[in-house]
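In the numbering used here, the protein residues as written are 9 to 311.
Glycine included, C-beta positions come from ideal geometry on N, C-alpha and C.
As the structure is a prediction and not an experimental result, all values here were calculated from the model.
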Amino acid sequence: MEDSYVLQLQEPKFREFYLSYSGYAQCGPLHCYGPASRPHYLIHFVVKGKGMYQVSGQKHYLTAGQGFLIEPGTQTFYQADKDDPWSYLWIGVGGTNAGKYIRDIGLNSEQLIFRSESGEELKKIVLDILKHTESTTSNLYYLQGRLYDFFSVLTKDVVIDTYLGNTKEKKYGKENGYGEYIKEAMAFIKNEYACGIGVQELAEHLNVNRSYLYTIFMNELHISPKDFLQKYRITRARELLVLTELSVESIGKSCGYGNAERFARAFKHETGLTPTQFRRQDRSKNRRNLEVSEDGLEQLLNS
């Protein structure tokens, strides 16, 4: 069981860095989430209690004052402790510079766990964010400011716990020289797929020609760069269709498709369903809406 308070922004106003969603949860014993992946960067911070975070086969046992990063497209699982279940806050961010700002904190694929003494400040910021639910221009600018407040507070005293995980890139052989290309390509795609990048932009970023890029992907991933980009975008779109109330058109744009028709064709090619059919089918199984409770937020502020 979990008592959750969630704010989901319907459509980002900003491109380089923006708040996607934020929330606060009080979990019951052994309450869990996953295995699942998310389309954005997610920072969780444990306010009280204990729990376990699992990523890439590694289990991390966390307690109050610690937090963890979830990277876009990464399968994770986390669970509250049986005897002392955790309460945690989270904030999800996207944008072309999101990865850069996450790295400014000191977090990355190798360093996912951190500690901070500023838990109360972070909690107040998140609960304040959850009160501002109206999609007005004023609110959107206010929330953008609170997002920067969150990062400002976190960076002032964050301590990174060294993490040597089994990242996906480590299996790629370095002896053929492709390993670093793949690692850089994955990072670029994660950060830029929403901007409509194609094979040409990826090749230019890696400073290789399209033919060599094709060779790298086929040798290491057994899929062409073009097909990989499409599968990545459709995977993100499927998550957004389930996890958000965004319109199909907005989801298509946020995944890098210029118009709804192109998105629908690509989605049906990959899944056999239109986006609307997929959303209806999936939600009939396991989707429930979460609402923000003003009274509940006040109780959290005083807890």
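CA-CA distance, F286 and P43?
Taking the first residue of the sequence shown as 1, we reach residue 286 at position 278. Taking the first residue of the sequence shown as 1, we reach residue 43 at position 35. For F286 and P43, the distance between alpha carbons rounds to 20 Å.
Quick check: P80 and H48, are their CB atoms within less than 7 Å of each other?
The residue labelled residue 80 in the question sits at position 72 within the sequence shown. The residue labelled residue 48 in the question sits at position 40 within the sequence shown. It is a contact, given that the beta carbons lie within the stated cut-off.
Where does Y265 fall in DSSP's three states?
Against the sequence shown, residue 265 aligns to sequence position 257. The answer is coil: DSSP assigns Y265 none of H, G, I, E or B.
So, at 7 Å on beta carbons, what are the nonlocal neighbours of Y96 in its own chain, with the 5 sequence-adjacent residues on each side left out?
Along the sequence shown, one-based indexing puts residue 96 at 88. Here the set comprises A33, H52, F53, V54, V55.
Closest by CA to R315, which one among T282, R288, S28, P283?
Since the first residue of the chain shown is 9 and the last is 311, residue 315 is not available in this structure.
Name the two residues that bound the continuous beta strand (DSSP E) containing L77.
Your numbering for residue 77 matches position 69 in the sequence shown. It spans 74-78 - the beta strand (DSSP E) in which L77 sits, taken as one unbroken run.
Using a threshold of 6 Å, is the CB atom of T145 nearer than that to any non-hydrogen atom of the ligand PLP?
The ligand PLP is absent from the structure shown, which contains no ligands of any kind.
Classify Y171 as buried or exposed, calling it buried when 16 or more other Cβ atoms lie within 10 Å of its own Cβ.
If you number the sequence shown from 1, residue 171 lands on position 163. With a pLDDT of 43 at Y171, under the threshold of 50, the modelled position of this residue cannot be trusted; read the value that follows with caution. Burial call: buried.
Since V101 sits in a beta bridge, which residues does DSSP pair it with?
Position 93 of the sequence shown, counted from the first residue, corresponds to residue 101. Its beta-bridge partners are L27, Y49.
Hey, R123 and D169 are a contact pair by Cβ (cut 8 Å); roughly how many whole angstroms apart?
Here residue 123 corresponds to residue number 115 of the sequence shown, with the count starting at 1. Here residue 169 corresponds to residue number 161 of the sequence shown, with the count starting at 1. Rounded, the Cβ-Cβ distance is 7 Å, consistent with contact.
For G65 and T144, what's the separation of their Cα atoms in angstroms?
Here residue 65 refers to the residue found at position 57 when the sequence shown is read from its first residue. Here residue 144 refers to the residue found at position 136 when the sequence shown is read from its first residue. For G65 and T144, the distance between alpha carbons rounds to 42 Å.
Hey, is the stretch 223-235 in contact with the stretch 248-257, meaning 3+ C-beta pairs nearer than 8 Å?
These segments do not touch.
Roughly how many angstroms separate the alpha carbons of A274 and P283, rounded to a whole number?
As a position in the sequence shown, residue 274 is number 266, starting the count at 1. As a position in the sequence shown, residue 283 is number 275, starting the count at 1. Straight-line Cα distance between these residues: approximately 10 Å.
According to DSSP, M194 sits in a beta bridge with which residue or residues?
Residue mapping note: residue 194 aligns to position 186 of the sequence shown, counting from 1. Paired residues: none, contrary to the question.
I'd like to know whether the C-beta atoms of W94 and G127 end up nearer to each other than 7 Å.
One-based indexing of the sequence shown puts residue 94 at position 86. One-based indexing of the sequence shown puts residue 127 at position 119. Result no, Cβ atoms of W94 and G127 do not sit closer than 7 Å.
For N199, does the count of other Cβ atoms within 10 angstroms reach 16, so buried, or fall short, so exposed?
The residue you call residue 199 lines up with position 191 of the sequence shown. N199 comes out buried.
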